[in-house]
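Notes for the one structure printed next.
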Amino acid sequence: MKKYFEMTCEEREAELADLRKKYDDLKKQGLNLDMSRGKPSSGQLDLSMDMLTQNPYALIRTRKGTDVRNYGELAGVDEAKELFADILGLKMENVIMGGQSSLNLMYDMIIKAMVFGVLGGSKPWGQQGEIKFLCPVPGYDRHFKICESFGIKMINIPMTPEGPRMDMVREYVENDASVKGIWCVPKYSNPEGYTYSAETVEAFAALKPAADDFRIFWDNAYIVHGFRPVDDELVNIFDCCKKYGSENMVYEFFSTSKITFSGAGVAVFAASAENVNYLLKQMGVQTIGYDKINQLRHVKFFRSADGVRAHMKKHAEFLRPRFNCALAALKDGIGPLDIGEWTNPNGGYFISYNGLPGTAKRCVQLCKEAGVTLTGAGAAFPYGIDPEDKNIRIAPTYPTVEQLAGCMKVFCICQRIAALEVLSK
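Be aware that the sequence shown starts at -6, since it is given in our numbering, and climbs by one per residue.
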């Protein structure tokens, strides 16, 4: 297969005409396939169904005798805090159990900072005029939507396979007091699947912010979500922070949304003991406690952190063939043409694809017209604006392998059409 850059104008025109014919044939199939979000498949959700068949009378009391059907235990039941602290490499006193959504916890922490300020801060963020957040890109669209909803100015920080460009992070954080935070997905980042290197984590811990109220939002959503034989290793940021006395700088988040049930899991907030105590005082006005029955249900089902890891090996059996399918399609359908590149992660839920500049929106539009829904072009950037219009987040987890093969066939043809159209201008 000849590379598109090496073709003559006539060869490109002939190739484009052939691809458009294939595209029209695909449209006639009436496809209706969805790769827009990183959702677990039905088979993955089935893995946790036994959690719902546990003896309900075994879920009434904690080991210290608390009746979980009643009020109390604002920070969550001890058994749940211990289990998830173990996964995160922390202690029980560093953990607050939330509801079913870590995104909700992140949103809530932003609200609290805006209205009340953070521990050690001089005044609430909302009283300081324009404030800014650093946003590694491409990144998680829902992080950016939170900032956008509060009018927080977002600054793009390019990602590398080692993590965000730490020279840029350091320059902004240590010289601009209006920079109040940074979003991070440190393991199997969304969407590229990168894991921050030990040097990057150390650099975060060593930051000396110009602001007295700067926070790292450490969204550790995929800490146990490897699906290859070799799992990436992520250094514990709190261990690094102890060297610099910067433990209060980090807010960590985690949930079981892609472990048990996306709509009925449990969420976790982790921070220094000082931050936890400070925030519990605010939470005590907001709620009397989250769903302790669900917390205990998860503990009884998993029994230990090793039980969670064993469960995730079952998830890997669903994820691995889907990623293999998508990656093989890209290798065969795009690779020989030299018109795009993509990540090959060891875990997480996404593949990040970069085509030629000016092709992403066109590719997504063509796919939609052919019956395949992708994440919107630009979604992985603040304000939905990809400066080069080249990045597309591929989410291969939800369709069946057969459906995914069809999705990727459409994607490759659409990407080739978009590339040829750009090259013909």
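We treat Cβ as the ideally placed atom computed from N, Cα and C, and that holds for glycine. It should be emphasised that the depicted structure is a prediction, and the values quoted were computed from it without experimental measurement.
Between the alpha carbons of residue 400 and residue 344 lies a distance of about 14 Å.
Comparing C-alpha distances from residue 363 to each of -5, 9, 109, 21 shows the shortest one belongs to 21. One alpha carbon belongs to residue 307, the other to residue 215, and they sit about 15 Å apart. The Cβ-Cβ distance between residue 131 and residue 152 falls below 8 Å. Per DSSP, the continuous alpha helix (DSSP H) segment holding residue 75 begins and ends at 71 to 81. Within the DSSP bridge table, the entry for residue 172 names 125 as partners. The region 69 to 82 makes no contact with the region 164 to 177; the number of CB pairs closer than 8 Å stays below 3. Taken through DSSP and simplified to helix, strand or coil, residue 0 comes out as coil. Distance from the CA of residue 63 to the CA of residue 50, rounded to the nearest whole angstrom, comes to 14 Å. Under the DSSP assignment, residue 230 falls in the alpha helix (DSSP H) whose first and last residues are 230 to 237.
As computed with DSSP, residue 365 is found in a beta bridge with 26.
Excluding residues up to 5 positions away in sequence, 99, 102, 136, 174, 175, 176, 177, 244, 246 lie with their Cβ nearer than 8 Å to the Cβ of residue 210 in the same chain. Nearest C-alpha to residue 169 among 234, 183, 203, 39: 203. When C-alpha distances from residue 14 are compared across 414, 406, 416, 417, the shortest belongs to 406. A contact between stretches requires three or more CB pairs, one per stretch, nearer than 8 Å, and the region 336 to 351 meets this requirement with the region 372 to 389. Distance from the CA of residue 230 to the CA of residue 25, rounded to the nearest whole angstrom, comes to 43 Å. Its chain contains 231, 234, 265 as the residues whose beta carbon lies nearer than 7 Å to that of residue 240, once the 5 sequence neighbours on both sides are disregarded; these appear in chain order. DSSP links residue 118 through a beta bridge to no other residue.
In the three-state reduction of the DSSP assignment, residue -6 falls in the coil class. About 5 Å separates the CB atoms of residue 67 and residue 282; that is less than 8 Å, so the two are in contact.
About 14 Å separates the beta carbons of residue 285 and residue 88, which is beyond the 8 Å limit, so they are not a contact pair. Annotated three-state conformation of residue 293 is helix, per DSSP. The three-state secondary structure of residue 193, taken from DSSP, is helix. The three-state reading of DSSP puts residue 252 in coil, since its state is none of H, G, I, E or B. Each of 34, -1, 75 was checked against the Cα of residue 299, and the nearest Cα belongs to 75. When secondary structure is reduced to three states using DSSP, residue 387 falls in the strand class. The region 366 to 376 makes no contact with the region 408 to 416, as fewer than three CB pairs between them are under 8 Å. Note on geometry: alpha-carbon atoms of residue 119 and residue 171 lie some 11 Å from one another.
With fewer than 16 other CB atoms across the displayed protein chains lying within 10 angstroms of its CB, residue 381 is exposed. Inter-residue distance for residue 7 and residue -2 is about 14 Å (C-alpha atoms, whole angstroms). Bridge pairing for residue 257: absent [DSSP].
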